[in-house]
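S.K.: Read in order, the letters of the sequence shown correspond to residues 13 to 351 in the numbering used here.
For each residue, glycine too, the CB sits at the ideal point set by N, CA and C.
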Amino acid sequence: MASLRLAVDAMSGDHGLRSSIPATVYALNHNSALHILLVGDEPSILLALASEKYDPQRLAIHHAPDIVAMDDQPSRTLRSKKKSSMYQALELLRDGAVSAVVSAGNTGALVAMSCVVLERLPGIKRPAICAPVPAQNGHTYVLDLGANVECNAEQLHQFAQMGSALCRVLGGSEMPRIGLLNVGSELTKGTTEVRDAAELLASDTGLNYIGFVEGGDIFSADVDVVVCDGFAGNVALKVCEGTASFIANELRARFKKTFYGMLVGLLARPLINAFQRDINPDRYNGAALLGLNGVVVKSHGSSGTAGFQSAIRQAARAVDHDLQAQIEKQLEITSYKPH
13 MASLRLAVDA MSGDHGLRSS IPATVYALNH NSALHILLVG DEPSILLALA SEKYDPQRLA
73 IHHAPDIVAM DDQPSRTLRS KKKSSMYQAL ELLRDGAVSA VVSAGNTGAL VAMSCVVLER
133 LPGIKRPAIC APVPAQNGHT YVLDLGANVE CNAEQLHQFA QMGSALCRVL GGSEMPRIGL
193 LNVGSELTKG TTEVRDAAEL LASDTGLNYI GFVEGGDIFS ADVDVVVCDG FAGNVALKVC
253 EGTASFIANE LRARFKKTFY GMLVGLLARP LINAFQRDIN PDRYNGAALL GLNGVVVKSH
313 GSSGTAGFQS AIRQAARAVD HDLQAQIEKQ LEITSYKPH
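Here it is as structure tokens:
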């Protein structure tokens, strides 16, 4: 296997080095083809690495003295944060020093910086954030998850093209089933933008469009990719994560209430643990920012070590399966060309 070289925005997210460093070391120790360039404050990174065991031949540091805060305004970061770990990681990708970037930082800043530093693929109006969520068939890819609050029909169509390519590469489906998120399955329902997007998707012979889907269908085995605007997608993602946490906490609380409950809980523990692993958001962490000249993976801002590990793994898989080329190929074969 050829080596994979990733840049990790080590200072990003709510936990910074506390999650990025152990996640990086874990990734290196479990993937011998992986090389990682940690981008951030070098003295702080060296201190965090002092107690870790790793192959120093496959880990390097690129010093970046500044940090993009989670509450920084995206437009302001473009002017004032060019020495930040996020901006410099993207520059390394642009210059060919690495094959992908992983960051848990400010989503708006990451999208804005990526569009400026890397630029968009030809014809792409806006990039989209895409990630898997647990479903009956393993998982369903959903996009956009927050990069674009409002989208027109053409943008939703492009999201479908990019999501289809991602699902083929990472999900293993030859012709992924594409659904358009709506308030109902009837053709007359939804906003004008959604209905117009449905016409574009239906006329695109390069896509396997199955029609409108509702929120509950995301978890079914009937669809592989769900397309929506970033507002609906982000809300859906947060509901998924909140529901998973609620169910896990409620089960634990119920089993502790009575002696009988504790006994049943003890007997059911293997099944409960397996269920919790299946719906754990950390397992699905790592959203690809699609539509750029380069592979960028966004880790959840609150991700701990396990979640950041998943994001690194997603980035490595995307590079290993040549996701960028697959997206460009999907855009070329479409029967509808962007204006």
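1. In three-state terms, what does DSSP make of S96?
2. From Y348 to E205, what does the alpha carbon distance come to, in whole angstroms?
3. Buried or exposed: K310, going by 16 or more other Cβ atoms within 10 Å of its Cβ?
4. Tell me the DSSP secondary structure of L130 in three-state form.
5. Between which two residues does the beta strand (DSSP E) holding Y153 run?
6. Do L29 and D67 count as a contact pair if the criterion is CB distance below 8 Å?
7. Relative to the alpha-carbon of A299, which residue among E131, A112 and L49 has its alpha-carbon at the smallest distance?
8. Which residues in the same chain as V235 place their Cβ atom closer than 7 Å to its Cβ, once the five residues preceding and following it in sequence are excluded?
9. Once DSSP output is grouped into helix, strand and coil, what is the label at S215?
10. If you draw a straight line from the alpha carbon of V20 to that of F271, how long is it in whole angstroms?
11. Just how far apart, CA to CA, sit G316 and S215?
12. Under three-state DSSP, which class holds L122?
13. For V114 versus I324, is the C-beta distance shorter than 8 Å?
14. With Y221 as the anchor, note down where its beta strand (DSSP E) starts and where it stops.
15. If you compare alpha carbons, which of H47, E162, S63 and I141 is closest to L175?
16. Just reading off the alpha helix (DSSP H) that L263 is part of, what are its end residues?
M.R.: The structure says:
1. Reduced to three states, the DSSP call for S96 is strand.
2. Here Y348 scores only 47 on pLDDT, less than 50, and its place in the model should not be relied on; the value that follows carries that caveat. Cα-Cα distance, rounded: 17 Å.
3. A residue is called buried when at least 16 other Cβ atoms come within 10 angstroms of its Cβ; K310 meets this threshold and is buried.
4. The answer is coil: DSSP assigns L130 none of H, G, I, E or B.
5. G150 to L155 is the span of the beta strand (DSSP E), which, as asked, contains Y153.
6. Their beta carbons are not under 8 Å apart, which means D67 does not touch L29 by this criterion.
7. Minimum Cα distance to A299 is reached at A112.
8. Excluding residues within five positions, the ones whose Cβ falls inside 7 Å are T152, R189, G191, I222, V225 and D229.
9. Under the three-state reduction of DSSP output, S215 falls in the helix class.
10. Distance between the alpha carbons of V20 and F271 is about 48 Å.
11. For G316 and S215, the distance between alpha carbons rounds to 43 Å.
12. If DSSP states are grouped into helix, strand and coil, L122 belongs with the helices.
13. The criterion of a C-beta distance shorter than 8 Å is satisfied by V114 and I324.
14. Its beta strand (DSSP E) spans residues N220 to V225.
15. Note on residue identity: the sequence assigns Gly, not Leu, to residue 175. Measuring from the Cα of G175, the nearest candidate turns out to be I141.
16. L263: member of the alpha helix (DSSP H) spanning G242 to K269, first to last residue.
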